[in-house]
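Asker: Numbering (this note's numbering), first residue to last: -2 to 671.
Idealized CB from N, CA, C, for every residue including glycine.
Attaching a single structure in structure tokens format; questions to follow.
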């Protein structure tokens, strides 16, 4: 590792020397320029590298960006800045949960994965690329010292065989020892993509693999080690974070699994003539109707190990299966098939929208710890009897069927819209209803385009299997929760010339399910209302820029669903061209949210649950940084948490989980165009 770091330091030093004399094209986008293209110093415009898109479970395409590392590159290296308000165990790549309600995803079938959602490959985020020349994006970030080093290597490759066939690959390796003891993280994710786009037949496929291991320290034993170490150390004010004792020292969690997605379609249509110029025409195939089929296969596994019994007795109340140690696995696999038919938008002038009908069938299986001891009489010493009436099978199966439809208009510069609905017909989802929609309109005002979007959904859905039935050494439940009903409405207003974006959302929840004070699922039958308003405002004067995001949230039942009332992210920086080919961003950014009863974390289930012992927040977390772009190379230098100890030391993300102390970090990203 030290050899690797020495090499990276050498590369960074070499690039700084090259900044004086290097020659490159002007980048087509400059932060702080209001999203407009920068003028080029050359007469020949820079050619776009190609296009990128993601797909949903019906094969619909959504435009994305080719370059995955925009300006503010340094922000990706700060764990607490995954969201403007983020509850985390503290380390990069470790468990976390956004505290912005409208950014949260519903609880998944395998809830262990939810805590690592920010670092795990997601189906809806997997990109396909169509590039003119093979492309490789490579980045490496590192920081900390020998005892707390943090390293992340990411690589993306994309290439085309021809205009119809493309392939891609990605890799993400993250290793971080953490600032505190027993906090190490090692994540290794990779994936492959491929597609063929023919006139009649098309196929898109991807495979993602993830393997994520986290040491679990349970938090520090006494918050005074952060707030006032002198009180615990006889007047000594400083302490090495690695010397702070933690509640657990022999526990770790691991989740690993894979995702395979194959989407196929066959188009029916006709050939028509298309004008090339005033004298030439060519025949093109015009699809009218599309048959679609997609297959999803996924499996996921969770393992939790703890071998220190004395610490376990202080940390957990119950020991249902083994009083000496914990070593347990939970597994899940899913196979999904979706069949549909779509009448395509735009095949004739009168075809103003597309219409899709589909059916989806899912098979799921869950394998949990087998209970082989609680029925013994007498019960072995040290074990806790199961709660009365609980009998969780080690194997659970689900067969689920939905039918649904979609109406969508995605072409046009003035008005676009989409509406989706699906209904559960078989298994636990009988009676489930999910309806969602959005509409966007654009209009000219003061020579620019104002965009207004409205969206909403109604859901009446069953709870995931593991939230109903679960058994482990420290937790067991066998619930019969009702369906959760959710009505959400909201929208966005974007005004380009003032660089303003306003988002508003309202949701009414009934039968909300969360994790309670005892770290077990509970259901609240009351109606809970959540309101959120976000203002994004960019200010610019010459090379000076100030970007701000402010979110206000309120909840009608904070004891059930606590949220920070106010959260903000502010980034003030200078952006300028230092030399002909070197663009520099120098600034300071800060995240802040008001105090609230933040959730706390349960290592055995990798879940976030309610607590009422202390409020968290009211602490600004600031970083100073320099980022540069030279040709196709970006790099940054950053001092994160630069304000540690300036005003207070209350930099906790959750009870007993402090954020990283001040540290120096670096990163480099290179776009290799072959």
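I need the straight-line Cα distance from residue 598 to residue 86, nearest angstrom please.
Answerer: 8 angstroms
Asker: For residue 662, count neighbouring C-beta atoms within 10 Å of its own C-beta (all shown protein chains included) and say buried if the count is 16 or more, exposed if not.
Answerer: Note on residue 662: 16 or more other CB atoms within 10 angstroms of its CB, so buried under the neighbour-count rule.
Asker: Three-state secondary structure (DSSP) at residue 238?
Answerer: helix
Asker: What would DSSP say about residue 493, mapped onto helix, strand or coil?
Answerer: helix
Asker: Quick one: which unbroken beta strand (DSSP E) runs of 3-plus residues sit fully inside the segment 158 to 220? Chain order, please.
Answerer: 162 to 173, 182 to 194, 198 to 213
Asker: Give every residue of the same chain whose Cβ lies closer than 8 angstroms to the Cβ of residue 571, excluding the five residues on either side of it in the sequence, and list them in chain order.
Answerer: 540, 541, 542, 581, 582, 583, 584
Asker: Looking at C-alpha atoms only, which residue of 142, 149, 167 is the closest neighbour of residue 122?
Answerer: 167
Asker: Could you name the residues of the same chain whose beta carbon sits closer than 6 angstroms to that of residue 489, not counting the 5 residues immediately before and after it, in chain order?
Answerer: 450, 500
Asker: So what's residue 229 in DSSP terms, helix, strand or just coil?
Answerer: helix
Asker: Give me the Cβ distance between residue 512 and residue 634, rounded to the nearest whole Å; I'm assuming they're in contact under 8 angstroms.
Answerer: In fact, because the Cβ distance is near 40 angstroms, the residues do not count as touching under 8 angstroms.
Asker: Where residue 403 and residue 353 are concerned, what is the direct C-alpha to C-alpha distance, given to the nearest angstrom?
Answerer: 5 angstroms
Asker: Between which two residues does the beta strand (DSSP E) holding residue 113 run?
Answerer: Note, residue 113: premise wrong, no beta strand (DSSP E); not H, not E.
Asker: Just confirm the distance between the C-beta atoms of residue 568 and residue 544, as a whole number of angstroms; I'd bet it's less than 8 angstroms.
Answerer: 5 angstroms
Asker: Give the DSSP-derived three-state secondary structure of residue 435 in the structure shown.
Answerer: strand
Asker: Excluding the 5 residues flanking residue 313 on each side, which residues of the same chain have their C-beta closer than 6 angstroms to its C-beta?
Answerer: Non-local beta-carbon contacts of residue 313 in its own chain, meaning distances under 6 angstroms to residues more than five positions away in sequence, involve 471 in chain order.
Asker: In the DSSP assignment, find the alpha helix (DSSP H) that holds residue 310 and state where it starts and stops.
Answerer: 306 to 312
Asker: Taking 6 angstroms as the limit between beta carbons, can you name the residues of its chain near residue 412, skipping five residues before and five after?
Answerer: 438
Asker: If the criterion is Cβ atoms closer than 8 angstroms, does the pair residue 363 and residue 463 meet it?
Answerer: Against a cut-off of 8 angstroms, the Cβ pair of residue 463 and residue 363 comes out as a contact.
Asker: Between which two residues does the beta strand (DSSP E) containing residue 288 stretch?
Answerer: 278 to 303
Asker: With H, G and I counted as helix, E and B as strand and the rest as coil, what does DSSP make of residue 714?
Answerer: As displayed, the chain neither begins before -2 nor continues past 671, which places residue 714 out of reach and without an answer.
Asker: Are three or more beta carbon pairs between the segment 584 to 594 and the segment 610 to 621 nearer than 8 angstroms?
Answerer: yes
Asker: Is residue 579 buried or exposed, if buried means 16 or more other CB atoms sit within 10 Å of its CB?
Answerer: buried
Asker: For residue 242, I'd like the list of residues in its chain whose CB is within less than 6 angstroms of its CB, leaving aside the five on either flank, ordered along the chain.
Answerer: 218
Asker: Relative to the C-alpha of residue 324, which residue among 331, 300, 481 is closest?
Answerer: 300
Asker: List the whole-angstrom C-beta distance separating residue 118 from residue 205, where the pair is believed to meet the contact cut-off of C-beta under 8 angstroms.
Answerer: 4 angstroms
Asker: Shortest alpha-carbon distance to residue 690 belongs to which of 517, 331, 147, 594?
Answerer: Residue 690 lies beyond the residue range present for the chain, which begins at -2 and ends at 671; the question has no answer from this structure.
Asker: For residue 191 and residue 130, what's the separation of their Cα atoms in angstroms?
Answerer: 16 angstroms
Asker: Are the beta-carbon atoms of residue 428 and residue 397 separated by less than 8 angstroms?
Answerer: No, Cβ-Cβ distance for residue 428 and residue 397 is not below 8 angstroms.
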